[in-house]
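Take a look at the structure set out below.
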Amino acid sequence: MIVVPVMSTKGGVGKSTTAANLGAFCADTGKRVLLIDLDAQPTLSSYFRLEHEAPGGIYELVGTNEIRLDRIVSRTGIRNLDIIVSNDSKGQLDNLLLNAADGRLRLLNLLPVFKDQYDLVLIDTKGTRCITLEMAMLAADRAISPIVPEILAAREFQRGTLELYSELQAFARLGIRLPNIKLMVNRAEYVSTDARMITEGLRRSFGNDPVVQVLETAIPHIASYRKAALHGMPAHRYETRRPAGRKAPPCFDTMRSLAIEVFPEWEEDLERLSPNDLPPSPAPEEDQI
Ligand SMILES: Nc1ncnc2c1ncn2[C@@H]1O[C@H](COP(=O)(O)OP(=O)(O)OP(=O)(O)O)[C@@H](O)[C@H]1O
Ligand SMILES: [Mg+2]
């Protein structure tokens, strides 16, 4: 089982969108995927239609150590894709964890109960530094950090995420290994030279970095990601072919190359999925939204 938080100390960079789309792509290739929504604002929890809703969610898992799967795991309409929804509407979890002796280590300690049921646990996190984000990082095997190609976002990554990372190094003394960070450029403008320069700059800065790797796959800024979310659909199902006249690749190709880069050990399985294997979906031109 691979545990991957999607994280950033900056809001609105595409964390929930990435968690939903990457999770669904892997699920469609047959991987058993569990999404965990650690953000008190339940964007990921409301992305997919739920076929079965468990009575509890993240509050029961993290707040009360509930590990009976039928009490906390809901099923989405997508095969192999389950979710622990965010039900911490009053934002109590952070306080609760701050006051618990094992606060930052709670998820690391709980996750082994999922290891026979799932191949991948993808965790959506809050776009600001908080104890739930630190807890997710300490439970992780690798992390994905979406970044928008703007100079201020690049600075925030250096200041916010890397500072958080260096403070968490203290846990190395307890034998906890911190995950490497896969920096994923999101909302890349195909026409903007600024965006290209910032992406190149990030690649240069982290060229030989032992912790941060800038992914080759950049997610283009195209309406299909937003529209897929409005339909409650994974982007790779929503757009399998490149629309005429657009330069950016179709969501299916982008999500596949992202999945392969993040999970190279699954390359063969991820490569095998073809648009023909997917259930039918509304064509973008029929889109009324
Ligand atoms: N590549 C993209 N192209 C176009 N729109 C995108 C793209 N990625 C994300 N978006 C849109 O940007 C908005 C913010 O995305 P999302 O909610 O995933 O960000 P977030 O990092 O989870 O935000 P928060 O910090 O508030 O949790 C959404 O409306 C989403 O549809
Ligand atoms: Mg979000």
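When we follow the working numbering, the leftmost residue of the sequence shown carries the number 333, and every step to the right adds one. We put the CB at the ideal spot given by N, CA and C, even for glycine. Only a predicted model underlies this, so the values are computations on that prediction, with no experimental measurement involved.
Within 10 angstroms of its Cβ, does residue i collect 16 or more other Cβ (buried), or is it exposed?
i: ASN353; result: buried
i: VAL445; result: exposed
i: ASP451; result: buried
i: THR493; result: buried
i: ALA359; result: buried
i: SER498; result: exposed
i: GLN620; result: Any reading at GLN620 needs caution, since the residue's pLDDT is 46, under 50, leaving its predicted position unreliable; the model's value is listed next. Exposed, by the Cβ-count rule.
i: LYS447; result: exposed
i: ALA567; result: buried
i: ARG411; result: exposed
i: ALA502; result: exposed
Starting from residue i, follow its DSSP beta bridges and name the residues at the other end.
i: THR408; result: LEU382
i: LYS514; result: ILE476, GLN545
i: ASP448; result: Answer is none; ASP448 lacks a bridge partner.
i: PRO552; result: ALA520
i: VAL365; result: LEU413, LEU452
Under 9 Å, do residue i and residue j count as touching if we go by C-beta distance?
i: THR341; j: ASN518; result: no
i: ALA351; j: ILE455; result: yes
i: GLY564; j: PHE357; result: no
i: GLY355; j: LEU413; result: yes
i: ARG574; j: ALA580; result: yes
i: LEU370; j: LEU465; result: yes
i: VAL345; j: GLY459; result: yes
i: ILE416; j: ILE476; result: no
i: ALA550; j: PRO481; result: yes
i: ALA442; j: VAL335; result: Looking at the sequence provided, one finds Leu at residue 442 rather than Ala. No, the pair does not count as a contact, with Cβ atoms beyond the cut-off.
i: LEU562; j: PHE538; result: no
i: VAL453; j: LEU382; result: no
i: ILE630; j: ASP426; result: Limits of the chain in this structure are 333 at one end and 621 at the other, which puts residue 630 out of reach.
i: ARG578; j: THR361; result: no
For ligand 3, is there a heavy atom less than 8 Å away from the beta-carbon of residue i?
i: THR375; result: Among the ligands in the structure shown, ligand 3 does not appear; only ligand 1 and ligand 2 can be found there.
Is the stretch 557-575 close to the stretch 525-537, with three or more CB pairs under 8 Å? no
Counting pairs of Cβ atoms below 8 Å between the stretch 380-394 and the stretch 411-426, do you hit three or more? yes
Any contact between the stretch 458-477 and the stretch 500-511? By contact I mean 3 or more CB pairs, one from each, below 8 Å. yes
Give the residues whose C-beta lies closer than 7 Å to at least one heavy atom of ligand 1, in chain order. SER340, GLY343, GLY344, VAL345, GLY346, LYS347, SER348, THR349, THR350, ASP371, GLN373, THR375, ASP456, LYS458, GLY459, PRO478, ASN518, ARG519, ILE551, PRO552, HIS553, ILE554, ALA555, TYR557, ARG558, ALA561
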